[in-house]
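Visitor:
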Amino acid sequence: MELYYRKEGEGPIVVIIHGLYGSSDNWINMGKRLAENHTVYMIDQRNHGRSPFASEHTFNAMRDDLAAFFKQQQIEKATILGHSMGGKTAMWFAADYPEKVEKLVIADIAPKDYLQLKDSSQYHLHRNILLALKELDFSRVKKRKQVDDLLSERIDDSRIRQFLLKSITKNKKTKQYEWRLNVDVLYESLDEIVGGVNRQWFDDRIPINTYPVIFIRGLKSNYIMDEDIPLIKEIYPDASIVDIPGAGHWLHAEKPEEFMEAVMRCC
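Residue numbers for the sequence shown follow my numbering, so the first one is 1 and each next one is one higher.
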């Protein structure tokens with residue numbers, strides 16, 4: 001699979017991998033700032049953005065997509081910045097291709113199975129979001145604002161809705177709005193997305209100390225909790241944890257200056 005990507009700047013290479021529902025579009029501002037001193041690649045993962053849709057959405061497949069991308073672009077080594085699902089892809093890839101990794105920067109995701117949480121809050125959140133996306137009837141939509149109105153019937157958080165609206169496009173042939181997301185496949189793959197990168201998978205790979213690892217977490221998010229730090233340190237003994245007060249899970253959108261400062265310190 002040939003992934004869609006954006007490229008900016010010159011210098012040491014940084015590859016940015018977006019999370020669920022995201023795309024390279026969400027990282028343009030950060031990419032341009034990093035490009036002042038780096039070559040920055042911002043990719044669209046499979047089933048997102050302008051990259052091809054596929055029936056498979058597993059971390060094995062996304063790791064292989066990234067490996068193929070490195071080969072296509074002749075990238076020998078790079079700092080990899082991954083957010084949420086993209087952070088899991090980055091961890092998965094880095095564990096199997098350590099020689100390709102300069103630094104690993106993980107934004108607001110832990111190497112754990114979120115399906116095992118008592119309330120599985122992340123699973124239920126994303127299941128509700130994907131059901132809302134699946135059930136949205138674009139034949140009723142004449143203006144983008146109507147999508148927000150329809151989503152609000154299922155999704156209370158306006159910040160999440162605004163983020164989702166970035167993945168709407170108008171089909172040039174049908175003139176109808178549609179998602180730049182393979183919603184059906186993402187819904188069917190939700191167990192894998194939420195639980196696929198976990199401690200058990202790392203068993204024969206730890207401890208990992210062949211490249212620096214930095215985790216950046218939003219303190220208003222519940223994706224990396226204090227009780228997750230021992231697990232992170234078990235897998236990555238030398239990992240650093242950087243906190244951003246007031247930021248939730250989409251920390252790069254909610255606290256862009258603070259997040260940028262943290263990334264710049266890492267890169």
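No residue lacks a Cβ here, since even glycine has one placed at the ideal position from N, Cα and C.
Does the Cβ-Cβ distance between A95 and G82 come in under 8 Å?
Guide: no
Visitor: Could you tell me which residues DSSP pairs with E178 in its beta bridges?
Guide: T169
Visitor: Name the two residues that bound the continuous alpha helix (DSSP H) containing T39.
Guide: Premise fails: T39 lies in the beta strand (DSSP E), T39 to I43, not in any alpha helix (DSSP H).
Visitor: What residues match up with L104 in a beta bridge as DSSP calls it?
Guide: I80 and V213
Visitor: Select from D113, S51 and I208 the residue whose C-alpha is nearest the C-alpha of L290.
Guide: Only positions 1 to 267 of the chain appear in this structure, which leaves residue 290 out of reach.
Visitor: So, does the stretch 199-207 touch the stretch 167-183, judging by three or more C-beta pairs under 8 Å?
Guide: no
Visitor: Quick one: any contact between the stretch 137-153 and the stretch 43-59, if contact means 3 or more CB pairs under 8 Å?
Guide: Verdict: no, contact absent.
Visitor: I232 and A110 look like a contact to me (Cβ under 8 Å); what is the Cβ gap, rounded to whole Å?
Guide: 6 Å
Visitor: R127 lies in the beta strand (DSSP E); which residues open and close that run?
Guide: Counting along the chain, R127 falls outside any beta strand (DSSP E), though it belongs to the alpha helix (DSSP H) covering S121 to E135.
Visitor: Should the stretch 214-228 be regarded as contacting the stretch 238-258, the criterion being three or more beta carbon pairs within less than 8 Å?
Guide: yes
Visitor: Select from F59, K100 and Q116 the residue whose C-alpha is nearest the C-alpha of T79.
Guide: K100
Visitor: Roughly how many whole angstroms lie between the Cα atoms of R6 and G19?
Guide: 16 Å
Visitor: When you compare each of L131, K88 and A132 to Y114 by their alpha carbons, which one comes out closest?
Guide: K88
Visitor: Hey, could you find the ends of the alpha helix (DSSP H) R265 is sitting in?
Guide: Counting along the chain, the alpha helix (DSSP H) containing R265 begins and ends at P256 to C266.
Visitor: Looking at the strands, I want to know which residues DSSP matches up with K7.
Guide: DSSP output for K7 lists Y41 as bridge partner(s).
Visitor: For T169 and F138, what's the separation of their Cα atoms in angstroms?
Guide: Cα-Cα distance, rounded: 11 Å.
Visitor: Going by beta-carbon coordinates alone, are S167 and Y21 separated by less than 8 Å?
Guide: yes
Visitor: Here's the rule I'm using: 16 or more other beta-carbon atoms within 10 Å means buried, otherwise exposed. How should D226 be labelled?
Guide: exposed
Visitor: Specify the secondary structure class of V15 as computed by DSSP and reduced to three states.
Guide: strand
Visitor: Report yes if the C-beta distance between Q72 and E2 is below 8 Å; otherwise report no.
Guide: yes
Visitor: Between which two residues does the beta strand (DSSP E) harbouring D148 extend?
Guide: Counting along the chain, no beta strand (DSSP E) covers D148; the unbroken alpha helix (DSSP H) around it starts and ends at R144 to L151.
Visitor: Please classify V141: does DSSP put it in a helix, a strand, or coil?
Guide: coil
Visitor: Keeping to the same chain, check which residues put their C-beta closer than 6 Å to that of L34; ignore five residues upstream and five downstream.
Guide: V14 and V40
Visitor: Given that a residue counts as buried once 16 or more other Cβ atoms are within 10 Å of its Cβ, and exposed if not, what is L165?
Guide: It is exposed - the Cβ of L165 has fewer than 16 other Cβ atoms within 10 Å.
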